[in-house]
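Everything on this sheet refers to the single structure shown next.
Residue numbers (this note's numbering): 1335 to 2000.
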């Protein structure tokens, strides 16, 4: 009922879900509905975010008929199961929240054969509220008014109670459960939500295809409960294999052709370049410029298709062997973004011929990867590369989730997007949205906390216009030198702000570390006028540190000034996968107090990115990204400018190339 992908019914276990599993759960019991998102952060660590709505709960100072609550959980397995010993775990429920579900526990779980599992544990807080047998000090009572802060003074303090249960795996689809609960449901019973006539709970769960599960339960003397969950794992694609057209095979040279001298004759070069362009476009890529000599070729390529940079390198290099004169031995592929060179990867043609059927790591060891700062020198531009115009008409959904007034509000409609690539480095972009349906405009006006309204008034933009222009901007991307990248963007940068944004990034091609700096000067946009501005103006800026920790974990720290004029820092930790998936969490703390920030105390949330290539089984760089914040407040709010440098640059650098190198020959 608490959304853990492995467990009893209401009580926890020491079991862990498969590494990287992501589970969403909806459960209902006694006028209480819980929506939980859980992620197996590491093989031994589980994290959960929960949003609960309890009808009729009487909380002092709370006036709505349903009480809405947000909470975070952590569970760590410190001992895995052995032949004779059980798995053991320690956990915190609602350790950053109001404390409605606040509890801690130590638990052990042991398998008995292939079908039975037995669990026993001891809990504090809510898990120590029924039939306690001891106490470990005094536990503060009551709920935190604003929530959002760790309840350190409550951890493992107060009454202690035992809980336990058994599960029986009847078949690969059906699982039966029984548990003894140590949760007295004191608040819910006291407010008349249900009658607790015992500590025993019984349930059955059925596993459907594609990770779906349904559970039905009888709890505390005949009260009915239900749960539905959906699980997916970024490591396992729903579409096995790939629907892409197979790559072209390497075309070996004839033994006597390598020393012929006709390869650079003018009449031959034009046909060679035309063939190279055709082969690059066959892979869904764009040849922007080239340099061809008697022994080498440099191909400057834009990548609108492949999520993995290694796959681009492999496809272009193999295709080139089918068009180049036999005398060309060195093939260099330069990856670009907005016409800016990011890296140069060089291969020996003889290695491509020799190791086409060897493991991909063989070619990785023979690749020479260098910075692309000077990669455009001496190249010949393709006449049709610039200018070019790209546009798309797509549906859009803009959601407000887990607000204190309502669980979910959303607007939906159509979005027209366009990008005009004027010249290398220069991009003009614009978006127009037309709302067809939605209820985000029904949110009550934001309540002032003394801070400028920079995010909490987002509903005013929904009330202002059904047709809106979130973005209309001009950006210039460039190279300041080796390892240095730059961006300047001006215009209507996001739905809430217009102005100018500048950024510099230091990212060596072979480094896990990157450093960035950004400065912005913006004015708040009008609610009901696409081009109008309000009186509020602010200068913001951040220094950023990006570090790939290895094993798929990435950390980012941004420190500086935010849109409300507050100073502080944001820490984000993400788990990233070679297929483009990313799941992480972030927290921002600034120099405003928890009371001034309002409910939630400080900005925090979880975020994820899902590549459509993973879901569709065909190559595309399109992604779906979302952030789930515990609340939308004004403190710790950062400008949402498009096209920040780090995510564009890193895909063509190490260690990203190494992560995806298995796709080099695919």
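Beta carbons: idealized from backbone N, C-alpha and C, even for Gly. These numbers were taken from a predicted model, which means no experiment stands behind them.
The bridge partners DSSP lists for residue 1450 are 1446 and 1502. The beta carbons of residue 1465 and residue 1421 sit no closer together than 8 Å. Counting C-beta pairs with one atom in each stretch, the stretch 1952 to 1969 and the stretch 1819 to 1828 have fewer than three that are closer than 8 Å, which means they do not touch. Here residue 1997 carries a helix assignment [DSSP, helix/strand/coil].
In the structure shown, the three-state DSSP call for residue 1805 is strand. With a beta-carbon spacing of about 11 Å, residue 1490 and residue 1461 fall beyond the 8 Å limit used to define contacts. Linking residue 1558 to residue 1364 through their CA atoms gives a straight-line distance of about 8 Å.
The alpha-carbon of residue 1638 is positioned some 32 Å away from that of residue 1376.
Listed in chain order, the non-local C-beta contacts of residue 1629 below 8 Å within the same chain comprise 1661, 1662, 1663 and 1664, local neighbours out to five positions each way being set aside.
Going by C-alpha positions, residue 1360 is about 42 Å away from residue 1580. Per the C-alpha coordinates, the member of 1399, 1394 and 1347 positioned closest to residue 1379 is 1347.
For residue 1688 and residue 1657, the gap between their C-alpha atoms comes out near 18 Å.
DSSP places residue 1684 inside the alpha helix (DSSP H), whose first and last residues are 1683 to 1688. Nearest to residue 1797 by alpha-carbon distance, out of 1613, 1435 and 1744, is 1744. Straight across, the Cα-Cα distance linking residue 1449 with residue 1389 is about 38 Å. If the five residues before and after residue 1568 are omitted, its C-beta is found closer than 6 Å to the C-beta atoms of 1354, 1911 and 1915, all from its own chain and listed in chain order. If you draw a 10 Å sphere on the C-beta of residue 1692, you find fewer than 16 other C-beta atoms in it, and that means exposed.
For a cut-off of 8 Å, the C-beta gap from residue 1619 to residue 1646 is around 7 Å, short enough to register as a contact.
Residue 1799 sits in coil when the DSSP states are folded into three classes, being neither helix nor strand. Here residue 1437 is buried. Its C-beta has 16 or more other C-beta atoms within 10 Å. By the C-beta criterion, the stretch 1867 to 1885 is judged to be in contact with the stretch 1845 to 1859, since at least 3 inter-stretch pairs fall below 8 Å. With fewer than 16 other beta carbons inside 10 angstroms of its own, residue 1486 counts as exposed. Here the alpha carbon of residue 1790 sits roughly 49 Å from the alpha carbon of residue 1711.
At a Cβ-Cβ threshold of 8 Å, residue 1533 and residue 1549 do not count as neighbours.
Listed as beta-bridge partners of residue 1624 by DSSP are 1633 and 1714. Less than 8 Å divides the Cβ of residue 1531 from the Cβ of residue 1555. For the 8 Å CB-CB criterion, residue 1625 and residue 1636 do not form a contact. Here residue 1789 carries a coil assignment [DSSP, helix/strand/coil]. Counting C-beta pairs closer than 8 Å gives three or more between the stretch 1668 to 1677 and the stretch 1756 to 1768, which meets the contact rule. Using a Cβ-Cβ distance cut-off of 8 Å, the stretch 1763 to 1776 and the stretch 1934 to 1952 are not in contact, since fewer than three pairs of beta carbons, one from each stretch, lie closer than that value. Residue 1824 sits in a strand when the DSSP states are folded into three classes.
Membership of residue 1911 in any alpha helix (DSSP H) is not indicated, and neither H nor E is assigned to it by DSSP. Ranking 1442, 1955, 1835 and 1927 by CA distance to the CA of residue 1972 puts 1835 first. Contact check for residue 1832 and residue 1867: beta-carbon distance about 6 Å, within the 8 Å limit, so the pair qualifies.
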